[in-house]
Amino acid sequence: MTISRRDFLKIGGASCIVAGAGAALAGCSPAGGEAAAPLAETGEAALVGYAPVNFTDEVDILIIGSGYAGLAAAMAPALAGKKIIIAEKQAQIGGDSATSCCFMFANGTELQQAAGNPMTIDEYWEASAEKLSAGWDQYEWFGEWVKGKTYANTRFVDSAINDFGAKFQEPCTEAELPRLFGSVILPADGIGSGGPNILQPIAAKLGELGVETRCGLRATALIKDPEGAVIGCRFEDATSGKMTDIKAAATVLATGGFADNGEMVMEHLPAWANHAQLVHGCIGEGHKMAEAAGAQMFGMDSSFERCNLMGDIPNCTTWGYWTPVVLVLPNGKRFIEEAQSHDAAQAAVDAGYRQWWSIFDQRAFDARAIGHSVEGNIKSHEDVYVKADTLEDLAAGMDVPVDNLKATFARYDELVASGEDADFGKKAWLESLQPPYHALKLNVCRYKTSGGVMCGPNNQVLDMNDEEIPGLYAAGAVALQSFASVSACMSTGYYTGETLAAL
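Take any residue in the sequence shown, count from 1 to its spot, add 81: that is its number in my numbering.
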């Protein structure tokens, strides 16, 4: 299907192609496609360097991004027989999700109930509705939207297992995960194994259902019709540079965050600008395309609480939930409560450092939730791994002051003996470490960003007047309400997919 030059100009010239991921409007240039006809031949005005829209494909649903949000958005529509293309700019599926710890929260799933957790999703919602819906009183529909997303999270897990062959680990017991055991679920091989156990099986089944996944396509601009509805997207082939226009009744942005976009980081999170980047490819193209299409943008700065720095071995940051861990700075001193995953990096920065050490013992290898992750990360990070039978040797291997490290462990053992962590309030796994000691060094990195487009009750992107932008949907880290957590990416993706499956 081709829109003629006259139709293209009637639509509004460059306003038909909405500026997207490139600087200014560069992302919309032909870059290998046919050049625009010379003015002398058409007798009409034209913007130099912009090829007319030329749709080569037409689908029911176009999903931009193949991480958890994008794949989840395809599941229900695929089962309903919708024609779907998933476009991924990287050479393989998964996007940022491929490196995720896959630390997931869910309630009332068949998996959890089969393991003996009697809580239903109805009971969870009744107990949590007020908390989950707080802070959005200006939107009458928000409570129902949160309820829909919450229930969609449960349905995602059930469908992933029953319909798509995803594999999950039997939920942790209270002894294994003291603080969060009732709500946490993990992929079959524990933390960090979401790729082979969840992403790949879902992608494979989607292919069997007729979903076409195209890798190496970078979205550069959304395409609107004369009435302002989004009717597709323009892509650039990462290898050839050729432009491709895909038409869709519904376009879903599942493009992730913007932590790898230095310009956007400087604008919204300037304190992060000089930190290294952990996940490459999260360049905020969905944010920029949506904003250019008139979307309402919100919550992309650090005041929105869910943005966080991380260590460059993200799996390692979670181990303190399942095993005794002691975290120390390069000066050998303890600096934070260890049974958490998102706060250590910022705490290290606040203390004046960009590195810290995670020290653990054999119990980390034996814990089924993290054992696979421990083994794998030691093998892949041998240059920052130390094993020692004494604190003196451990300090030497870590290159930290031995007296400080010994004092830290002496104080920690005192706290363990007293039964109370008076220094940092640690409750779970307040237990002494036993030799041999193991340690991994982590570097502070940019990781997750949050905030972005505001979505409405039907999962459509809202404009500045809180009106839905026809044809445009969003899920995952690009959407304000997802908070860049893997569970929220799955749930908002699946909820969006349910909406589209019903159309």
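We treat Cβ as the ideally placed atom computed from N, Cα and C, and that holds for glycine.
CA-to-CA, the gap between serine 274 and glutamate 308 works out to about 45 angstroms. For valine 567, the closest alpha carbon among the candidates Leu267, Arg260, Ala155, Ile165 is that of Leu267. Annotated three-state conformation of lysine 328 is strand, per DSSP.
Between glycine 533 and alanine 556, the CB-CB gap reaches or exceeds 7 angstroms.
Per DSSP, the unbroken alpha helix (DSSP H) holding cysteine 570 starts and ends at 567–582.
In this structure, the straight-line span from the alpha carbon of lysine 414 to that of alanine 477 is close to 15 angstroms. Per DSSP, glutamine 377 lies in no beta strand (DSSP E) segment and is marked neither H nor E.
Pairing isoleucine 272 with serine 454 gives a Cβ-Cβ distance under 7 angstroms. Taking 3 residues as the shortest admissible run, the stretch 168–208 contains no complete beta strand (DSSP E) segment at all. When DSSP states are grouped into helix, strand and coil, serine 214 belongs to the helix group. Per DSSP, the unbroken alpha helix (DSSP H) holding aspartate 484 starts and ends at 483–499. Burial state of alanine 285 is exposed, judged by a 10 Å Cβ sphere holding fewer than 16 other Cβ atoms. Counting along the chain, the unbroken alpha helix (DSSP H) around tryptophan 226 starts and ends at 223–243.
The DSSP-derived three-state label of glutamate 293 is strand.
Spatial neighbours of alanine 269 in its own chain (CB-CB distance under 8 angstroms, excluding positions within 5 residues in sequence) are listed in chain order as Lys248, Phe249, Gln250, Asn278. In the DSSP annotation of this structure, phenylalanine 339 is not part of any alpha helix (DSSP H), being labelled neither H nor E.
In the three-state reduction of the DSSP assignment, proline 277 falls in the helix class, which pools H, G and I. Here DSSP, grouped into helix, strand and coil, assigns arginine 260 to coil. Residue environment: asparagine 234 is assigned as buried (16 or more neighbouring CB atoms within 10 Å of its CB, all protein chains considered). Here the alpha carbon of arginine 315 sits roughly 22 angstroms from the alpha carbon of histidine 361. By the beta-carbon neighbour count (other beta carbons within 10 angstroms, threshold 16), leucine 523 is buried. The C-beta of aspartate 326 has 16 or more other C-beta atoms within 10 Å across all chains shown, which makes the residue buried.
Taking the C-beta atoms as reference points, glycine 337 is found nearer than 7 angstroms to cysteine 363.
Under the 8 angstroms Cβ criterion, the stretch 495–508 does not count as touching the stretch 367–386, having fewer than three qualifying pairs.
Taken through DSSP and simplified to helix, strand or coil, phenylalanine 446 comes out as helix. For isoleucine 550, the enclosing beta strand (DSSP E) stretches over residues 549–555. Counting C-beta pairs closer than 8 angstroms gives three or more between the stretch 444–454 and the stretch 395–406, which meets the contact rule. If you draw a straight line from the Cα of proline 252 to the Cα of alanine 154, it is about 25 angstroms long.
Boundaries for alanine 477: no beta strand (DSSP E) harbours it, while the alpha helix (DSSP H) harbouring it runs 472–479, taken from the DSSP string. Serine 147 counts as buried, since at least 16 other C-beta atoms from the protein chains shown sit within 10 angstroms of its C-beta. At a Cβ-Cβ threshold of 7 angstroms, phenylalanine 245 and proline 282 count as neighbours.
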